[in-house]
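Everything in the sequence shown is counted per the working numbering, starting at 21 for the first residue and increasing by one.
For each residue, glycine too, the CB sits at the ideal point set by N, CA and C.
All of these numbers come straight from a predicted model, not from anything done at the bench.
Just below is one structure, and these are the notes that go with it.
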Amino acid sequence: MSKKKIIIPVILVVTVAGIAGILFYTCYHRWDNATCTTAKTCSICGKTEGKPLGHNWTEATCEEPRTCSSCGKTEGTVLGHNWEKATCEIPKTCSICGKTQGHALGHELGAYTVVKEATCSEEGRKEAVCFRCQKTIMESVDKIAHTPGKWEVKEDYSISAQAIITPGEQVKKCTVCDKELESKEYMIELSTSQRNAVLKAYQEVQNWHCGRDFLINDVLVGFNGYSLEDATFAVDHIDVDWDHQAILYAKENGVGESENKITEMMQYYGFNQDQIAEALKEIGY
Ligand SMILES: [Zn+2]
Ligand SMILES: [Zn+2]
Ligand SMILES: [Zn+2]
Ligand SMILES: [Zn+2]
Ligand SMILES: [Zn+2]
21 MSKKKIIIPV
31 ILVVTVAGIA
41 GILFYTCYHR
51 WDNATCTTAK
61 TCSICGKTEG
71 KPLGHNWTEA
81 TCEEPRTCSS
91 CGKTEGTVLG
101 HNWEKATCEI
111 PKTCSICGKT
121 QGHALGHELG
131 AYTVVKEATC
141 SEEGRKEAVC
151 FRCQKTIMES
161 VDKIAHTPGK
171 WEVKEDYSIS
181 AQAIITPGEQ
191 VKKCTVCDKE
201 LESKEYMIEL
211 STSQRNAVLK
221 AYQEVQNWHC
231 GRDFLINDVL
241 VGFNGYSLED
251 ATFAVDHIDV
261 DWDHQAILYA
271 KENGVGESEN
281 KITEMMQYYG
291 FNQDQIAEAL
301 KEIGY
C-alpha cells in the first residue's frame, strides 16, 4: 500500500520533466533583435545567440556629451564653448563650433571727412576712423534734391486743317542735372481770330507755295488783314513742310526762267538759301 503511494507521484514528476525537456529542445524560438548591450534573445525560453552589438559612440561636442547614436546613452560631460570676444564687426564666437552670441560691437567712429560732395545726380562719400579697430570706414552720402526750373515746351501742340488741336508736352527740368522732373500736357484754347487765321493759313499755303515769312507778312497780314501776332501764331502751328513748298514753287514758276531770276523770285517769296538751293537742284539747275 505505502509503496504504491510513493510510486505514483514519482511517475508524474518523471513524466512532467520529460515533457518539459522535450519542449525545451524543440522550442520554436521567438527572437528579439540584439541591442547595444544584449545579444539576440528568445523571449520564450531565454536562449541567446551571438554577442551584443556594442555602442556606436559620437564624440562629445561643445553642447552634447559623448552619445551612442543607436540607443541614445550618454557618457561624460559636454566640452563647453571656447568663446572669443566680440569685435567691431564680429559677435562673440566659439572658436570650435562657430556658434555666435549677441551682436558685433559696431565701430566707434570719430568725425567724418567728406571725400566727395553729393549732387542731385550722384551720391557723395564720407569717411571716418574707428577708435577701437583703427579701420577707415567709408559711407555714402544721400543725393541732394533736384532744383526744379520753369515749365518749358518739350513738344509743341499742332493744329490740323480743321483747326483741331493735338496736345504737346511741357516738362519741368532740374536746372543742375537736366533730368525731367515733371511732365504735363501742353494745350491751348484758340481764340476766334487765331482759329480763323489757322484755317486761312491752310488755304493760302495751297494757293501760294511760298515761304514762312511771306505767308505771314504778305499774305495773312498784308492781304487778309490779320494781326502780325495771329498770323505768326497760325503759320507756326500749321502742318507744312517749307522745303517741299520751295520745290513746288520752283516747279510751278521756274519754267523758262534763269537760275538768277528764280533765286531772286524765291527770295522775294520768303524762302531761305538752303531751300532755294534744294529747289533749284530739283528742277535741274
Ligand atoms: Zn526559445
Ligand atoms: Zn548604445
Ligand atoms: Zn562651441
Ligand atoms: Zn572698429
Ligand atoms: Zn538735378
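Cβ separation of residue i and residue j, assumed to be a contact under 8 Å, to the nearest whole Å
i      : j      : result
CYS91  : THR55  : 7 Å
GLY188 : TYR206 : 4 Å
MET285 : ALA299 : No, MET285 and ALA299 are not in contact; Cβ-Cβ is about 11 Å, not under 8 Å.
LYS60  : GLY74  : Their Cβ separation, rounded to whole angstroms, is 14 Å, which puts LYS60 and GLY74 out of contact at 8 Å.
HIS49  : ILE27  : That belief does not hold up - the Cβ atoms of HIS49 and ILE27 are roughly 36 Å apart, past 8 Å.
VAL191 : GLU172 : 6 Å
TYR246 : ALA217 : 5 Å
GLY130 : ALA148 : 5 Å
TYR288 : TYR269 : About 11 Å; that fails the 8 Å criterion.
LYS136 : ARG145 : 4 Å
ARG152 : HIS127 : 7 Å
PHE291 : ALA266 : 5 Å
ALA251 : LEU210 : With a Cβ gap of about 14 Å, ALA251 and LEU210 do not count as contacting.
ALA221 : ALA254 : 4 Å
ILE79  : VAL98  : Before going on, a small fix: residue 79 reads as Glu here, not Ile. With a Cβ gap of about 11 Å, GLU79 and VAL98 do not count as contacting.
Strand pairing of residue i, partner residues [DSSP]
i      : result
TYR288 : According to DSSP, TYR288 bridges with nothing at all.
MET207 : In DSSP, MET207 forms no bridge with anything.
GLU172 : VAL191
THR55  : According to DSSP, which records beta bridges pairwise, THR55 is partnered with nothing at all.
VAL178 : Per the sequence presented here, residue 178 reads as Ser, with Val not at that position. Bridge partners of SER178: THR186.
GLU202 : LYS192
Extent of the continuous beta strand (DSSP E) run through residue i
i      : result
ALA148 : 144-149
THR156 : 156-161
THR61  : 60-62
Extent of the continuous alpha helix (DSSP H) run through residue i
i      : result
THR252 : 248-257
ARG50  : Element bounds for ARG50: n/a, residue is neither H nor E.
ARG215 : 212-228
HIS264 : 262-273
LYS301 : 293-302
Considering only heavy atoms of ligand 4, list every residue whose Cβ is less than 5 Å from one of them, following chain order. Ordered along the chain, the selected set is CYS108, HIS127, CYS150, ARG152 and CYS153.
Curious, which full-length beta strand (DSSP E) runs of at least 3 residues does the region 69-140 contain? Here the runs fully enclosed are 86-88, 112-114 and 133-136.
Below 6 Å from a heavy atom of ligand 1 - residues by beta-carbon: In chain order, the hits are CYS47, HIS49, CYS62, ILE64, CYS65 and LYS67.
Ligand 3 site residues, beta-carbon cut 6 Å against heavy atoms: For ligand 3, the selected residues are CYS82, HIS101, CYS114, ILE116, CYS117 and LYS119.
Ligand 5: which residues have Cβ under 7 Å from any of its heavy atoms, chain order? Residues flagged by the Cβ proximity filter: CYS140, SER141, HIS166, THR167, CYS194, VAL196, CYS197 and LYS199.
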